[in-house]
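Going line by line, the protein sequences match chains A and B. Each residue of the first sequence is one higher than the one before, counting from 1 in the working numbering. Each residue of the second sequence is one higher than the one before, counting from 1 in the working numbering. Every residue gets a Cβ at the ideal spot worked out from N, C-alpha and C, and that includes glycine. Note sheet for the following structure.
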Amino acid sequence: QKEVEQNSGPLSVPEGAIASLNCTYSDRGSQSFFWYRQYSGKSPELIMSIYSNGDKEDGRFTAQLNKASQYVSLLIRDSQPSDSATYLCAVNLRGSTLGRLYFGRGTQLTVWP
Amino acid sequence: ETGVTQTPRHLVMGMTNKKSLKCEQHLGHNAMYWYKQSAKKPLELMFVYNFKEQTENNSVPSRFSPECPNSSHLFLHLHTLQPEDSALYLCASSQSGADNEQFFGPGTRLTVL
Numbered sequence: 001q002k003e004v005e006q007n008s009g010p011l012s013v014p015e016g017a018i019a020s021l022n023c024t025y026s027d028r029g030s031q032s033f034f035w036y037r038q039y040s041g042k043s044p045e046l047i048m049s050i051y052s053n054g055d056k057e058d059g060r061f062t063a064q065l066n067k068a069s070q071y072v073s074l075l076i077r078d079s080q081p082s083d084s085a086t087y088l089c090a091v092n093l094r095g096s097t098l099g100r101l102y103f104g105r106g107t108q109l110t111v112w113p
Numbered sequence: 001e002t003g004v005t006q007t008p009r010h011l012v013m014g015m016t017n018k019k020s021l022k023c024e025q026h027l028g029h030n031a032m033y034w035y036k037q038s039a040k041k042p043l044e045l046m047f048v049y050n051f052k053e054q055t056e057n058n059s060v061p062s063r064f065s066p067e068c069p070n071s072s073h074l075f076l077h078l079h080t081l082q083p084e085d086s087a088l089y090l091c092a093s094s095q096s097g098a099d100n101e102q103f104f105g106p107g108t109r110l111t112v113l
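Here's what the structure looks like:
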């Protein structure tokens, strides 16, 4: 049973464009949502967390959450080649114990110059 | 040292060996986690410790044995592993509470021959 789903990609965008990464989750009662970036051969790095419906902006990154649609997205504005990585969506599901995150398989993003 | 550290970074072991992975967090957190990341699979939670107490064992085979002597240190003892156990093993830490962000160490790349 898949609980967190992401398009595996690869997603390819030109430098300067907006990259849009999407994630859906199965449990309507989920409360906490996270985006991680993982460069090849490295560990995941937390870039955004979001808990309430709407948008949350941090620099070039915007996370969007719609609990009614069970959908969370990450927008990267002015994409740079250094943004090329795999982006992991993680969700803390309703009823889960401390810190029990479910991860999607990740979307591979390539930003070409 | 800052953040979450893991040693060794790379480990090659035979199926009859016994080895241990070490994790240390310098963030003042009180929850620590072991994850397994295999190719083409989502991150899989293995164990959760909260204030040194194990709160979750995600049906992990007994050939993996965790130890958490205090809130800053976490070990994963390995014995009689199988080749399919080859993966990236990641340690993470967070403050207690289901909403809290988890921060990952660099991981140990394990190869079982």
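Requested in this report: Look up B/Pro83 in the DSSP assignment and say whether it is helix, strand or coil.
Outcome: Counting from one through the second sequence, the residue named residue 83 of chain B turns up at place 83. Helix, per DSSP.
Query raised in the report: Is the Cβ of B/Cys90 closer than 8 Å to any Cβ of chain A?
Result: Position 90 of the second sequence, counting from 1, holds the residue named residue 90 of chain B. The question names Cys, but residue 90 of chain B is Leu in the sequence shown. Yes - at least one Cβ of chain A is within 8 Å of the one on B/Leu90.
Query raised in the report: So, is A/Trp112 buried or exposed, given that buried needs 16 or more other C-beta atoms within 10 angstroms?
Result: As a position in the first sequence, residue 112 of chain A is number 112, starting the count at 1. Classification for A/Trp112: exposed.
Query raised in the report: Counting Cβ pairs closer than 8 Å, one from the region 66-78 of chain A and one from the region 21-31 of chain A, do we hit at least three?
Result: yes
Query - Reference B/Leu88, options B/Lys36, B/Cys23, B/Lys18, closest by Cα - result: For the purposes of this step, residue 88 of chain B is taken as residue 88 along the second sequence, with counting starting at 1. The option with the nearest alpha carbon to B/Leu88 is B/Lys36.
Query raised in the report: For the putative contact between B/Asn30 and B/Ser71, defined by C-beta atoms under 8 Å, what is the C-beta separation to the nearest angstrom?
Result: For the purposes of this step, residue 30 of chain B is identified with residue 30 of the second sequence, where counting begins at 1. For the purposes of this step, residue 71 of chain B is identified with residue 71 of the second sequence, where counting begins at 1. Yes, B/Asn30 and B/Ser71 are in contact; Cβ-Cβ is about 5 Å, under 8 Å.
Query raised in the report: Residues of chain A with a CB under 9 Å from the CB of B/Gln54: which are they?
Result: On the second sequence, position 54 is the one that residue 54 of chain B refers to. Chain A residues near B/Gln54: none, gap ~11 Å exceeds 9 Å.
Query raised in the report: So with Cβ pairs under 8 Å, would you call A/Pro115 a contact of chain B?
Result: Lying before the first or after the last residue shown, residue 115 of chain A is absent from chain A, which here runs from 1 to 113.
Query raised in the report: Cα separation between A/Leu88 and A/Trp35?
Result: By 1-based counting over the first sequence, the position of residue 88 of chain A is 88. By 1-based counting over the first sequence, the position of residue 35 of chain A is 35. About 6 Å.
**Report entry** Backbone secondary structure at B/Pro106 - three-state DSSP
**Finding:** As a first step, residue 106 of chain B is located in the second sequence; it is residue number 106 there, counting from the start. Coil at B/Pro106, not helix or strand.
Query raised in the report: Run through DSSP, which three-state label would A/Ser82 get?
Result: Taking the first residue of the first sequence as 1, we reach residue 82 of chain A at position 82. The answer is helix: DSSP assigns A/Ser82 an H, G or I state.
Report task. In angstroms with no decimal places, state the Cα-to-Cα distance between B/Gly107 and A/Glu5. Result -> As a first step, residue 107 of chain B is located in the second sequence; it is residue number 107 there, counting from the start. As a first step, residue 5 of chain A is located in the first sequence; it is residue number 5 there, counting from the start. Going from the Cα of B/Gly107 to the Cα of A/Glu5 covers about 24 Å.
Query raised in the report: Buried or exposed: where does B/Asn135 fall if 16 or more other Cβ atoms within 10 Å of its Cβ makes it buried?
Result: For chain B, the structure presents residues 1 to 113; residue 135 of chain B sits outside this window and is missing.
Query raised in the report: Below 8 Å between beta carbons: does that hold for B/Pro42 and A/Phe33?
Result: Taking the first residue of the second sequence as 1, we reach residue 42 of chain B at position 42. Taking the first residue of the first sequence as 1, we reach residue 33 of chain A at position 33. Their beta carbons are not under 8 Å apart, which means B/Pro42 does not touch A/Phe33 by this criterion.
Report task. With distances taken Cα to Cα, identify the nearest neighbour of B/Gln82 among B/Met15, B/Ser38, B/Thr5. Result -> Counting from one through the second sequence, the residue named residue 82 of chain B turns up at place 82. Of the candidates B/Met15, B/Ser38, B/Thr5, the one whose C-alpha sits nearest the C-alpha of B/Gln82 is B/Met15.
**Report entry** Beta-carbon proximity check, A/Gly41 vs A/Thr107, cutoff 8 Å
**Finding:** Position 41 of the first sequence, counted from the start, is the residue given in the question as residue 41 of chain A. Position 107 of the first sequence, counted from the start, is the residue given in the question as residue 107 of chain A. Contact flag unset, no.
Query - Residue burial classification, B/Gly105 (beta-carbon count within 10 angstroms, cutoff 16) - result: For this step, residue 105 of chain B is matched to residue 105 along the second sequence. The residue in question, B/Gly105, is buried, as its Cβ has 16 or more Cβ neighbours within 10 Å.
Query raised in the report: Is the beta carbon of A/Gln108 within less than 7 Å of some heavy atom of the ligand NAP?
Result: The ligand NAP is absent from the structure shown, which contains no ligand whatsoever.
Requested in this report: From the DSSP output, in three-state form, read off A/Val91 for me.
Outcome: Position 91 of the first sequence holds residue 91 of chain A. Three-state DSSP puts A/Val91 in a strand.
Report task. Find the residues of chain B that neighbour A/Arg105, judging by a C-beta separation of less than 8 Å, and give them in chain order. Result -> In the first sequence, residue 105 of chain A corresponds to position 105, counting from 1. Per Cβ cutoff of 8 Å: Lys40, Lys41, Pro42.
**Report entry** DSSP beta-bridge partners of A/Asn22
**Finding:** Stepping through the first sequence from its first residue, residue 22 of chain A is reached at position 22. A/Ser73, per the DSSP bridge assignment.
Query - Endpoints, the beta strand (DSSP E) within which B/Ser38 is located - result: Here residue 38 of chain B is taken as the residue at index 38 of the second sequence, counted from 1. From DSSP, B/Ser38 is part of no beta strand (DSSP E); its letter is neither H nor E.
Report task. Confirm, please, whether the CB-CB distance from A/Ile50 to A/Lys56 is below 8 Å. Result -> Counting from 1 along the first sequence, the entry for residue 56 of chain A is found at position 56. Counting from 1 along the first sequence, the entry for residue 50 of chain A is found at position 50. In this structure, A/Ile50 lies closer than 8 Å to A/Lys56 by Cβ.
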